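Working notes, beginning with the structure itself.
Number of protein chains: 2
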Amino acid sequence: MSAEIICVGTELLLGEILNSNAQFLAHELAYLGIPHYYQTVVGDNPERLKQVLAMACDRSNILIFTGGLGPTPDDLTTEAIADFFGVPLIERPDILEDIAQKFVQRGREMTPNNRKQALIPKGADVLQNPGGTAPGIIWQPRPDLTILTFPGVPSEMQQMWRETAVPFLKSQGWGQEIIYSHTLRFWGIGESALAEKVGNFFNLTNPTVAPYASQGEVRLRISARATSEAEAYPLIEPVARQLRKIGGLDYFGADDDTLASVVGRLLTKASETLSVAESCTGGGLGSMVTNVAGSSNYFLGGVISYDNAVKSSLLGVQPSDLEQWGAVSKPVAMQMAAGVRSRLSTSWGLSITGIAGPGGGTESKPVGLVYIGLAKPDGDVECFKYSLGQTRSRSSIRHASACHALDMLRRRLLVRPTNNHFPFSVTIHE
Amino acid sequence: MSAEIICVGTELLLGEILNSNAQFLAHELAYLGIPHYYQTVVGDNPERLKQVLAMACDRSNILIFTGGLGPTPDDLTTEAIADFFGVPLIERPDILEDIAQKFVQRGREMTPNNRKQALIPKGADVLQNPGGTAPGIIWQPRPDLTILTFPGVPSEMQQMWRETAVPFLKSQGWGQEIIYSHTLRFWGIGESALAEKVGNFFNLTNPTVAPYASQGEVRLRISARATSEAEAYPLIEPVARQLRKIGGLDYFGADDDTLASVVGRLLTKASETLSVAESCTGGGLGSMVTNVAGSSNYFLGGVISYDNAVKSSLLGVQPSDLEQWGAVSKPVAMQMAAGVRSRLSTSWGLSITGIAGPGGGTESKPVGLVYIGLAKPDGDVECFKYSLGQTRSRSSIRHASACHALDMLRRRLLVRPTNNHFPFSVTIHE
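So the sequence lines, in the order shown, correspond to chains D and W. Residue 1 is where the first sequence starts when you use the UniProt record's numbering, and the numbers rise one by one after that. Residue 1 is where the second sequence starts when you use the UniProt record's numbering, and the numbers rise one by one after that.
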């Protein structure tokens with residue numbers, strides 16, 4: 001009994017997009033404990049698609065298709081599957097109605113070719129697509145064979161998988177013993193440095209511990225195989241506790257936590273508010289903060305002071321300091337933070353000024369030089385200097401700058417000093 | 001005559017890594033004009049690997065393997081291939097010497113299992129690996145069949161592909177004709193609606209035209225097979241011209257253009273400046289604008305007025321209007337735009353206020369309701385209302401809001417009315 005993933009789309013054969021759907025589905029199948037030995041990519045071509053289907057039927061029992069469910073003529077996955085099994089396509093009025101409603105909802109005109117998406121093989125069930133117009137199917141053309149189809153759009157496919165396909169597969173007896181994972185997230189420490197500290201955990205078997213790094217963040221994933229969450233918890237939690245302890249202040253959260261959501265929780269807990277003043281990130285920090293639902297409870301707003309004149313007019317930065325030290329400097333970062341805090345009357349004011357590149361770097365102020373200012377509830381202002389390196393891209397430097405700013409605020413929210421001696425360095429180079 | 005990509009690795013079946021090798025090779029094959037109809041992923045299992053090989057031999061003439069060339073016991077791609085064709089593996093002293101030297105260079109001990117990497121099928125040529133210890137092979141076990149193997153490490157695979165495989169394939173007559181692509185980008189029209197308008201182009205053969213949609217943007221890719229760019233251009237340009245004409249104002253740019261980069265070009269051309277006032281996007285619009293290198297030439301900054309008090313204090317929005325109409329309303333959007341334009345003394349002021357959800361929606365103001373204000377150089381202020389639907393995620397609504405705002409500015413920059421009659425609706429629902 002095994003599953004097979006078949007991704008349909010000429011754009012995959014042309015190398016225009018990464019096959020992230022295959023990775024998502026492969027990971028989900030592993031999680032559900034469903035064996036999976038083959039992945040195939042084939043173009044929007046009915047004959048080749050049917051040839052792949054014929055082979056897959058002989059070696060697998062669950063065929064998972066992605067792509068080719070759209071309204072255009074080259075979307076032909078459903079037709080090819082029905083044709084292969086010699087079953088007619090029938091138009092489902094309920095799907096047609098659902099598609100029509102979605103167009104009304106979005107105030108768009110439904111075109112004739114959208115009717116096509118209401119056709120499914122006779123006898124197949126509809127796999128609802130809440131996020132889009134193209135539904136999928138769940139179909140057992142033979143007792144030993146189940147076919148699931150999904151659109152190629154990852155967000156739609158993933159929602160359909162979680163809400164409909166997984167419950168269906170579990171109802172078929174899969175996923176009795178599954179892999180429960182708990183991810184610990186760290187900021188301010190490199191992957192190899194963290195690996196050095198926790199290397200002995202990598203030899204564990206159940207749970208296993210594996211490190212991942214991306215965009216400056218390091219994660220440790222703890223995975224336990226168990227029949228229930230209640231059984232997995234006592235396997236995972238003791239290991240998690242030790243790893244959190246080792247991580248110290250570099251550990252910032254778990255699973256779906258982000259630096260922004262953690263900062264939000266800490267601000268809410270302290271009944272404090274935040275405002276931001278951004279130069280090189282141009283709004284990226286505010287965007288990160290407000291990507292958290294409910295952030296209006298603690299985030300009042302900010303100023304994007306891209307131009308020096310705005311730094312002075314809206315934030316009260318001294319023109320003489322801009323003149324003397326330049327926009328990317330400690331005095332300016334500190335005045336930006338203090339300025340936004342006082343003008344928006346918030347507990348904390350957080351500022352970023354730096355050189356995101358690719359141009360604008362000098363020998364004394366290279367690309368990647370970033371100053372972060374933090375105005376605190378007591379009125380005191382701190383400044384942190386970062387050298388993010390000249391090899392990173394503009395967007396990577398902007399992203400890292402916003403993350404570092406949130407991280408410093410997080411550390412200050414966690415550790416309230418009675419004096420100005422902090423338990424960690426205020427200048428971080430990386 | 002066609003090629004097939006076969007990626008070997010259990011980590012791919014477990015969804016631990018994205019199959020970036022398949023994308024790289026697919027893109028390269030398309031570029032060289034080598035037809036490519038199938039991609040297969042299979043685990044480190046000799047029987048299944050041979051089964052995949054058997055099928056691939058029947059339908060393709062160039063088989064490109066990645067993965068399974070390492071020193072560990074589960075690396076068995078080379079053995080499986082040799083075994084399938086009934087050819088013995090022989091140890092190549094030159095490879096052994098090369099591996100030994102590489103270990104010396106790195107000051108590491110060569111382990112016995114590295115000898116394994118010096119074994120290749122009798123009669124095969126070595127595909128040198130300058131970047132690692134595992135070489136690949138180029139082998140023609142049959143006159144009509146060429147097999148190339150590469151390690152799974154992307155950097156090693158790519159270097160080997162460029163330095164050895166491409167010259168080999170060209171020596172076989174490939175790459176004389178390659179595929180040149182040109183992508184047209186559209187905003188403000190759905191995929192099916194655009195497909196209706198340009199459907200007849202989808203039947204072209206050289207160049208071909210294919211539609212793609214993601215995050216509200218629709219793309220048409222024009223691909224021509226030609227021996228040189230000079231030969232491709234006259235094939236592509238006439239089609240592109242017609243499609244741009246049909247797209248009208250919904251066409252915004254080509255290839256690497258973004259709404260933000262196009263708006264930037266138009267502002268630069270007009271020597272005009274921009275400032276933004278953001279509520280629900282919380283800085284996302286400014287971040288999009290400043291993600292364009294050189295945006296400091298036309299973007300001065302903005303105000304993130306997340307809290308109503310900030311809308312009044314920093315933007316001059318009338319508290320009475322906030323009271324009467326609410327923060328998400330036409331009057332507030334217009335006052336935000338006018339306020340940021342005057343306070344930052346810019347040519348244009350662009351504002352966004354809306355309900356990003358998931359909470360905060362009401363019957364009269366549902367999630368997805370967004371007002372965009374545009375204060376123009378002549379001081380006139382317009383407002384555009386969008387209903388982005390209640391099924392979208394918070395981040396998707398925020399992203400679409402910023403894109404719609406940039407798109408309206410783009411349209412106004414393109415079409416300067418002599419009066420207030422615009423050639424298109426000022427209220428767009430989607």
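Backbone N, C-alpha and C fix where the C-beta goes; we use that ideal spot for every residue, glycine too. The structure presented is a predicted model; accordingly, all values stated were derived computationally and were not measured.
Simplified DSSP state of residue i, which is helix, strand or coil
i                      : result
residue 437 of chain W : Given a span of 1 to 430 for chain W in the structure shown, any question on residue 437 of chain W remains unanswerable.
residue 416 of chain W : coil
residue 217 of chain W : strand
residue 312 of chain W : helix
residue 197 of chain D : helix
residue 265 of chain D : helix
residue 257 of chain D : coil
residue 429 of chain W : Residue placement at residue 429 of chain W is flagged as unreliable, the pLDDT there being 35, under the threshold of 50; a coordinate-derived value is accordingly withheld.
residue 40 of chain D  : strand
residue 424 of chain D : Unreliable positioning characterises residue 424 of chain D in this predicted model, as indicated by a pLDDT of 42, which lies under 50. A coordinate reading is not provided.
residue 375 of chain D : strand
residue 51 of chain W  : helix
residue 81 of chain W  : helix
residue 348 of chain W : strand
residue 104 of chain W : helix
residue 136 of chain D : strand
residue 250 of chain D : helix
residue 402 of chain D : helix
residue 12 of chain D  : helix
residue 189 of chain W : coil
residue 125 of chain W : strand
residue 46 of chain D  : helix
residue 409 of chain D : helix
Buried or exposed (CB count within 10 angstroms, at least 16 for buried), residue i
i                      : result
residue 218 of chain W : buried
residue 415 of chain D : exposed
residue 292 of chain D : buried
residue 260 of chain W : buried
residue 282 of chain W : buried
residue 354 of chain D : buried
residue 308 of chain D : buried
residue 433 of chain W : Only positions 1 to 430 of chain W appear in this structure, which leaves residue 433 of chain W out of reach.
residue 113 of chain W : exposed
residue 1 of chain W   : exposed
residue 212 of chain D : exposed
residue 129 of chain W : buried
residue 101 of chain W : exposed
Anticipated Cβ contact below 8 Å, residue i with residue j, distance rounded
i                      : j                      : result
residue 13 of chain D  : residue 41 of chain D  : 7 Å
residue 146 of chain D : residue 137 of chain D : Their Cβ separation, rounded to whole angstroms, is 10 Å, which puts residue 146 of chain D and residue 137 of chain D out of contact at 8 Å.
residue 103 of chain W : residue 15 of chain D  : Not a contact, Cβ separation roughly 34 Å.
residue 275 of chain W : residue 302 of chain W : 5 Å
residue 61 of chain D  : residue 125 of chain D : In fact, because the Cβ distance is near 17 Å, the residues do not count as touching under 8 Å.
residue 209 of chain W : residue 220 of chain W : 6 Å
residue 66 of chain D  : residue 127 of chain D : Not really, about 12 Å apart at Cβ, beyond 8 Å.
residue 409 of chain W : residue 350 of chain W : 6 Å
residue 232 of chain D : residue 184 of chain D : Contact flag wrong, Cβ pair sits at about 15 Å.
residue 326 of chain D : residue 269 of chain D : Between residue 269 of chain D and residue 326 of chain D the Cβ distance is about 38 Å, and since that is not below 8 Å, they are no contact.
residue 376 of chain W : residue 412 of chain W : 7 Å
residue 336 of chain D : residue 361 of chain D : Not really, about 21 Å apart at Cβ, beyond 8 Å.
residue 69 of chain D  : residue 117 of chain D : 7 Å
Where the alpha helix (DSSP H) containing residue i begins and where it ends
i                      : result
residue 243 of chain W : 229-247
residue 29 of chain W  : 20-32
residue 339 of chain W : 330-343
residue 320 of chain D : 319-325
Residue i, enclosing beta strand (DSSP E) - first and last residue
i                      : result
residue 358 of chain W : No beta strand (DSSP E) holds residue 358 of chain W; DSSP gives it neither H nor E.
residue 385 of chain D : 381-387
residue 8 of chain W   : 3-8
residue 274 of chain D : 274-278
residue 112 of chain W : Per DSSP, residue 112 of chain W belongs to no beta strand (DSSP E) and is neither H nor E.
residue 290 of chain W : Residue 290 of chain W -> not in any beta strand (DSSP E); alpha helix (DSSP H) instead, spanning 284-290.
residue 156 of chain W : Looking at the DSSP string, residue 156 of chain W is not in any beta strand (DSSP E); the run it does join, the alpha helix (DSSP H), is 154-160.
residue 303 of chain D : 299-304
Residue i Cβ short of 6 Å to the ligand NAP heavy atom set
i                     : result
residue 44 of chain D : In the structure shown, the ligand NAP is absent, as is every other ligand, since no ligand is present at all.
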